[in-house]
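See structure below.
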DNA sequence: CAGCGTAACGGACCGCGGTCCGCTTCCATT
DNA sequence: AATGGAAGCGGACCGCGGTCCGTTACGCTG
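Structure follows, in structure tokens:
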């Protein structure tokens, strides 16, 4: 090897770097997609519109984002990261500093607000029923967080399943349904979460 | 009016009768669809195949069943009715004769088995995220049943929301996910249900 | 700076769900 | 049995998500 050879293995966790045209197209596509979603609603934005708006071919959109739900997830990424920072390292009662039960309560309440706020995109980001919830990194983060808090709160038994039971309550289509069809307010939904948590940790 | 005039108003609750050719096509379509689903899986059956197999045009299928999910719901109708009879009028502990908490526990356990058994069609019968759970007569029956039992069990507070919280645990894609990705057995899922119920009724 | 291997590109193409509308069939009435 | 009108029918048609593959452009190497 020549003396100027750069490292051949990418650093663990950093994705292989993108070619410049690819990177440019990704940001243009996200910009256009965000604009179109804000303008017409996630429901009414087609992949072809996004491609045309960014001045690229349709194939490029699919190469970058895999499928429609991948594009939507990419759009949600920033909001999701912000939310994660809040409950992982933010101020109490959501972040560290409060007791586990209090943090658990706050987590659900915040998640309900978050999901309802971006419901349009969360609904559009849903995977088909067969692969729902699988390969979903944010969900894994939420699960670890809830599981840890449950443990710290002294909950006993099948914590893995208990965690999933709680997450089921925070499903966006479910919250959306209760909010629209049953006319339930976020506060009411939050109270429901608190009650569920209390019941489950034996408070 | 002539003396032989039949009643002009259909009896409340009985749908306006179907023309003979329409009725014949409905049964043929359901037969063919059931066969194709059994043969290739609900996932891999197209509406056109069903139409062709029944020797009718595609438009006819959609006229009868509205959309793909409508056809799947129709296929599930028989199993669903049977299940409803079991928990509404069948023997204890599922049917009347046991205490409300015991019936509630049995209901969830039976539902988990039922949904996993027919998961293929339940997954295919799912509505898009925006209208999920809305206009779903079986769900309304389940909700009334669970709500009634919760009340009889002496649960207090927001029974409507409590009912929905419990139903969220019985969602087919959720159960399917836990069963496949997390490798959880029906028994384990049943235990999770029981724990949830006990926590919520304050047992 | 020329050459080259590879990633990226673009848009024609495909399959499926769903719609539309001119034609057919049923059946109530006389 | 004839007839009129409504319910039903069929299949061409449309739009969208997703794929394929020949072409293009990036950037590394010498």
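Residue numbers (my numbering), protein chains in the order written: chain Z, 239 to 441; chain V, 239 to 441.
All C-beta atoms, glycine included, are put in the ideal place defined by N, C-alpha and C.
Whole-angstrom distance between residue 351 of chain V and residue 323 of chain V, CA atom to CA atom | 16 Å
Please report the residue range of the alpha helix (DSSP H) in which residue 359 of chain Z lies.
-> 357-362
Rounded C-alpha distance that separates residue 341 of chain Z from residue 332 of chain Z = 5 Å
Would you kindly check if the distance between the Cβ of residue 309 of chain V and the Cβ of residue 271 of chain V is under 7 Å?
-> yes
DSSP state of residue 423 of chain V, grouped into three classes?
-> coil
Leaving aside the five residues before and after residue 498 of chain V along the sequence, list all residues of the same chain whose C-beta is less than 8 Å from its C-beta, in chain order.
-> A question about residue 498 of chain V goes unanswered here, because the residues of chain V that appear run from 239 up to 441.
Determine whether the Cβ of residue 347 of chain Z lies closer than 7 Å to any Cβ atom of chain V.
-> no
Check the Cβ-Cβ distances between residue 225 of chain V and every residue of chain Z, and say whether any is below 7 Å.
-> Nothing about residue 225 of chain V can be reported from this structure: the residues present for chain V run from 239 to 441 only.
Go ahead and pull the three-state DSSP assignment for residue 330 of chain V.
-> coil
Quick one: Cα of residue 363 of chain Z to Cα of residue 356 of chain Z, how far?
-> 11 Å
Measure the C-alpha to C-alpha separation of residue 423 of chain V and residue 400 of chain V and round it to an integer number of angstroms.
-> 25 Å
DSSP bridge partner residues for residue 336 of chain Z (one or two, in chain order) = Z:334
Whose C-alpha, out of V:307, V:306, V:402 and V:287, is nearest the C-alpha of residue 346 of chain V?
-> V:402
Under a three-way DSSP split, which group does residue 257 of chain Z fall into?
-> coil
Cα separation between residue 387 of chain V and residue 410 of chain V?
-> 22 Å
Could you tell me whether the Cβ of residue 338 of chain Z comes closer than 7 Å to any Cβ of chain V?
-> no
In terms of residue numbering, what span does the alpha helix (DSSP H) encompassing residue 385 of chain V cover?
-> 375-390
If residue 292 of chain Z sits next to residue 266 of chain Z, beta carbons under 8 Å apart, how far is it from one beta carbon to the other, in whole angstroms?
-> 4 Å
Could you work out which residue in Z:281, Z:263, Z:360 and Z:300 is closest to residue 316 of chain Z when comparing CA atoms only?
-> Z:360
Residue-level contact to chain Z via CB, residue 403 of chain V, 7 Å cutoff = yes
Kindly list the residues whose CB is nearer than 7 Å to the CB of residue 286 of chain V, restricted to its own chain and excluding five residues on each side of it in sequence; keep chain order.
-> 296
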